[in-house]
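The structure appears below as structure tokens.
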Amino acid sequence: MRLLATLVHCPNLVIKQANATTRSSLSDTLGQQIFPDCSTPMQRMSRLFVRTLRDNPSEATLVSHRLLLRGGYIRPLGAGIYSMLPLAWRVQRRIEQIIREEMSQIDCQELQMPFVHPSDLWEHTGRFESVGPEMVRFQDRWDRDMVLAMTHEEIATDLGKWFASSYRQLPVSFYQFQSKFRDEPRPRGGLLRVREFTMKDAYSFHPDFESLDDTYNQFVEAYVRAFRRCGIEPAVVESDALAMSGSMAHEFHCLTPAGEDTIVVSPTGTYAANMEVATARKPVFDHGAPAPLTKVATPGKTTIEEVAAFLDLELHQTLKAVFYWTGDALAFVAIRGDLAVNEAKLRHLLGVPEIRLAADQELEAAGIVAGYASPIGLDNVTIVVDDSVESSTNLVAGANTPNFHLTNVNYPRDFQGTLVGDVSQVRPGDLHVESGEPLELQAGIEIGNTFKLGTFYSEKLDATFLAADGSQHPIVMGSYGIGIGRLAASVVERYHDDDGIIWPSSIAPYDVHVVQLGDSAVATGADVLAGELEASGLSVLLDDRSESAGVKFNDADLIGIPLRLTVSKRTLAAEAVEFKARTDENAENIPRDQVVATIKKAHADGIAALTPDAPIPMPSLG
RNA sequence: CGGGGCGUGGCGCAGCCUGGUAGCGCACCUGACUGGGGGUCAGGAGGUCGCCGGUUCGAAUCCGGCCGCCCCGACCA
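The numbering used here numbers the first residue of the first sequence as 60 and each following residue consecutively.
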């Protein structure tokens, strides 16, 4: 009774003291940080820095974008630039905490590298030149070239070089949570594709590739565990290793229709790859024995579809010409008409970092007739031949003369390719190269990636170590990234309903949402309850506003804290508290003296439902 | 980069075509009532109509330029 009287006068003070004591003892007992540093004393909603919106913001089409805006989680400042408001920040910090725990499990240490870099390291690796306008460059007051960090390989390598002079100091790895700025041509979808974002990025350093392989696998497992603890079962897929000048790379995807990446998977899970690198058996068609080259009139027919229809042929009986500009030259891609060019594969085959479709003027300058382009008789143009053309006979191609095409074009009889290889996109239903399974396409959000960098950066930056035999070698490296905000947005895409977000217990901004409906007696009861919950180790958001029940319940659903308790005259009279999980349809009354234990259990069950230790399906991890 | 759409109070929008005191709903403030799913009534506060220039007696509205935001697309040869 005396406690109650004290609470009425100064509830916060008492609760804070109770918390401080409980915290240290719990931490000691369990030997770990139960309260991450994002934990604060019970948050009163009347004081929370948040505004929920009743109407949907018109700019948001994706679910996560819409709900994060409506719930008062984020606020846009410019295209792809967001403030993380307290609710979102707490989610971010909880995600970070999970990652910290997983990183410490594999002996990876946290540090922080700068966000603004002098350009010289980037010039040494060549990326100051090779990276496009997505890297922001500027001059400081002394006209020195500077860049905003879009990634940290150069800086990390520099640190590794400074640290590791001997094999005895290897392997070693470190990570950071740090802002990145990438001037994306098209930011979109709220937090899904932004320009400024927080990335967790890690870098590992090794004496040899075997050591890199070991650590790489450890990172992949740690990442899968971290994603699962956040509620996402990631698809681990092969990806474009050359993007970071590496030898092997994987991406971690949250499979959802909202994703903007396309993942190629086999139904049994033996194959999963990003569209950029995916391969498949190409359907082969029998077009008969090579026949004599013939010129035919095709007046006004400039597209493959028109030509095929005009000559009454299937698309696969045509040769499509697609032109790319490689920065200083034209590349003519000859591909079977039913296939599409995969630009990432083409980039690799050409060995250039950036390509784009060629402009009409560039075609004219090379003497190519748009609409009737032909690889036959072309000089001074790089001709890339997709292997689909190599394996076909009697194709129809342009004649490089207006209104004429050539039939019975055969490779290599009629023209020579500068490069021959696979530059086509996999299509749904294409067969897996080895197993012959039909492949499926799925949309995914890339929430993480891992790269075996090898010695690309260490060689460029002269980061070497001394081996046991006294010889000097470049350090072998790996890098590993997770987009924190994108991960949070992916979780919202995955966990929501019509009313709002439904956070997994592990990363919700608060563990419990206590809704107080009523006068001062109810307020006191809610305060005491919230204090008890906090003392038990749970974080609490207490809705103490003088709003109607409907407003409070709707806000609670929108914000999406997984467990909700309601205190009202009604529940006080019943010596109970109403409990409703966000995922449940109906609420139930819990006897007052069992509330804390019940909620603790519900929270623990919510965490336990996530299964970080389940087997990890990883296609071809080398 | 290409195409489309949109900039009017914190959010959602009308007004623009046909120039003449800047409006509505929600949110916000005050008071009363109400009190378990965005409640009712009364009274309020809040806007350089994205920016610059032009036309006009007069511009949110018409004209020109610029900026910003959203969405879609980026294999036509």
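The beta carbon of each residue, even a glycine, is placed where N, CA and C say it ideally should be.
Contact annotation: the region 468 to 476 does not touch the region 233 to 244, with fewer than three C-beta pairs closer than 8 Å. Asp614 is classed as buried because its beta carbon has at least 16 other beta carbons within 10 Å across all chains shown. Proximity of the region 604 to 623 to the region 565 to 576 meets the contact definition, three or more beta-carbon pairs being nearer than 8 Å. Taken atom to atom, the span from the alpha-carbon of Arg110 to that of Gly130 is near 7 Å. As a beta-bridge residue in DSSP terms, Lys354 pairs with Leu465.
Spatial neighbours of Ala661 in its own chain (CB-CB distance under 6 Å, excluding positions within 5 residues in sequence) are listed in chain order as Leu622. Partner residues in the beta bridge of Asn508, as assigned by DSSP, are Glu310, Gly540.
The residue from Val626, Asp272, Lys239, Pro246 with its alpha-carbon nearest to that of Met258 is Lys239. Pairing Phe278 with Tyr539 gives a Cβ-Cβ distance under 7 Å. When secondary structure is reduced to three states using DSSP, Glu297 falls in the strand class. Contact between the region 500 to 514 and the region 196 to 210 is not established, with fewer than three Cβ pairs separated by less than 8 Å. Out of Phe256, Thr315, Ala432, the CA that lies nearest to the CA of Ile133 is found in Phe256. Here Gln376 is buried, its C-beta having at least 16 other C-beta atoms within 10 Å. For Ile133, no alpha helix (DSSP H) run applies; the uninterrupted beta strand (DSSP E) run containing it begins and ends at 133 to 137, by DSSP. According to the DSSP assignment, Gly665 belongs to the alpha helix (DSSP H) that extends over 654 to 667. The region 383 to 400 makes contact with the region 417 to 427; the number of CB pairs closer than 8 Å reaches 3 or more.
Taken atom to atom, the span from the alpha-carbon of Pro293 to that of Phe286 is near 7 Å. Here Ser447 is not bridged, per DSSP, to any residue. The residue from Met536, Ile165, Asp556 with its alpha-carbon nearest to that of Glu269 is Met536. In the DSSP assignment, Ile649 falls outside any alpha helix (DSSP H) and lies within the beta strand (DSSP E) extending over 647 to 650.
For Leu601, the uninterrupted beta strand (DSSP E) run begins and ends at 599 to 602, by DSSP.
Taking Val400 as reference, the option from Ala350, Glu413, Phe382, Asp643 with the minimal CA-CA separation is Phe382. Note on Val468: 16 or more other CB atoms within 10 angstroms of its CB, so buried under the neighbour-count rule.
For the set Ala281, Val190, Pro145, the Cα lying nearest the Cα of Pro674 is the one of Ala281. Pairing Glu637 with Ala646 gives a Cβ-Cβ distance under 7 Å. Taking the C-beta atoms as reference points, Ala208 is found nearer than 7 Å to His176. Ile157 and Arg288 do touch by the CB rule: their CB atoms are close to 5 Å apart, below 8 Å. Segment contact: the region 216 to 233 against the region 246 to 256, fewer than three CB-CB distances shorter than 8 Å; contact not assigned.
When Tyr431, Met104, Gly488 are compared, the shortest CA-CA separation from Pro461 is found for Tyr431. Around the beta-carbon of Thr642, fewer than 16 other beta-carbon atoms lie within 10 Å, marking it exposed. When rounded, the separation of the alpha-carbon atoms in Phe222 and Gly495 is 48 Å. Here Asp260 is buried, its C-beta having at least 16 other C-beta atoms within 10 Å. Beta-bridge partners of Thr625 (DSSP): Val574, Glu637. Closest by C-alpha distance to Ala331, out of Cys313, Ala348, Ala317, Pro342, is Cys313.
A straight line joining the alpha-carbon of Asp557 with that of Leu592 spans about 29 Å.
If you look at Asn613, you'll find it in the alpha helix (DSSP H) that goes 608 to 618.
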